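In what follows, a structure is listed as structure tokens, so that the remarks can point back to it.
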Ligand SMILES: [Zn+2]
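Residue numbers (this note's numbering): 155 to 371.
In structure tokens form, the structure reads like this:
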């Protein structure tokens, strides 16, 4: 459950000599408001909230420039943390890819970006044209289209697409950090990666933790 994860992460940061006043955090999570269930960290870390590296699906669209900006904000002698990954809803009936939102009848897609990308690659075998008004989704489709056969052959295509999206987010973040981190010697970054599992709006969400490690330039 998220509250357990959040307590454990804060303990881990303290183990490494970090403290909330000298640690800032960033996210590479989907733009969907349901991913704000990590807000607990805002009370535990420096800064008024997270630096937002992600866009739809959670891909780190802020890129190298955004990462360097984030790292340049680390308090003197302090540390950084990045929470990242895609998200997927699950209904009370166990249906994946949908969630019940507050004061909204029925279910809506979750993650809407991944679900739309799966629908798109089902129809367009060669991907889609870049649309400057929808360029983030073009990138999401590009990443998932590379795994088109696996995704479309699966019993639950959205689940497989979410796994592939996690890999894409993590690989991109690692490449961005490889470029950005050498400019900030001595700064340790705690990576917390996984898949956020969203439940009904009045229930606590979950996090399928996949990466939990410190890196340093
Ligand atoms: Zn989403």
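Just so you know, even glycine gets a beta-carbon here, dropped at the ideal spot from N, CA and C. Because the structure is a prediction, the values reported are computed rather than measured.
* Asked: Secondary structure at residue 133, three-state DSSP: helix, strand or coil?
  -> With the chain running from 155 to 371 in the structure shown, residue 133 is simply not present.
* In angstroms, rounded to a whole number, what distance separates the CA positions of residue 353 and residue 258? -> 14 Å
* Confirm, please, whether the CB-CB distance from residue 174 to residue 216 is below 8 Å. => no
* Asked: In this structure, does DSSP put residue 199 in helix, strand or coil?
  -> coil
* Within 10 angstroms of its Cβ, does residue 191 collect 16 or more other Cβ (buried), or is it exposed? -> buried
* Is residue 267 near ligand 1, going by C-beta to nearest heavy atom under 7 Å? -> yes
* Asked: Is the distance from the Cβ of residue 294 to the Cβ of residue 305 below 8 Å?
  -> no
* Asked: Alpha carbon to alpha carbon, how far is residue 169 from residue 178?
  -> 16 Å
* To do: Keeping to the same chain, check which residues put their C-beta closer than 7 Å to that of residue 337; ignore five residues upstream and five downstream.
  => 222
* Asked: For residue 214 versus residue 327, is the C-beta distance shorter than 8 Å?
  -> yes
* Distance CB(residue 348)-CB(residue 209) smaller than 8 Å -> no
* Asked: Apart from the five residues on each side of it in sequence, which residues of its chain come closer than 7 Å, Cβ to Cβ, to residue 292?
  -> 282, 284 and 285
* Asked: For residue 243, which of 366, 365, 165 and 184 has the nearest alpha-carbon?
  -> 184
* Asked: Heavy atom of ligand 1 less than 7 Å from the Cβ of residue 211, yes or no?
  -> yes
* To do: Measure the C-alpha to C-alpha separation of residue 206 and residue 189 and round it to an integer number of angstroms.
  => 12 Å
* C-beta atoms of residue 280 and residue 335 nearer than 8 Å -> no
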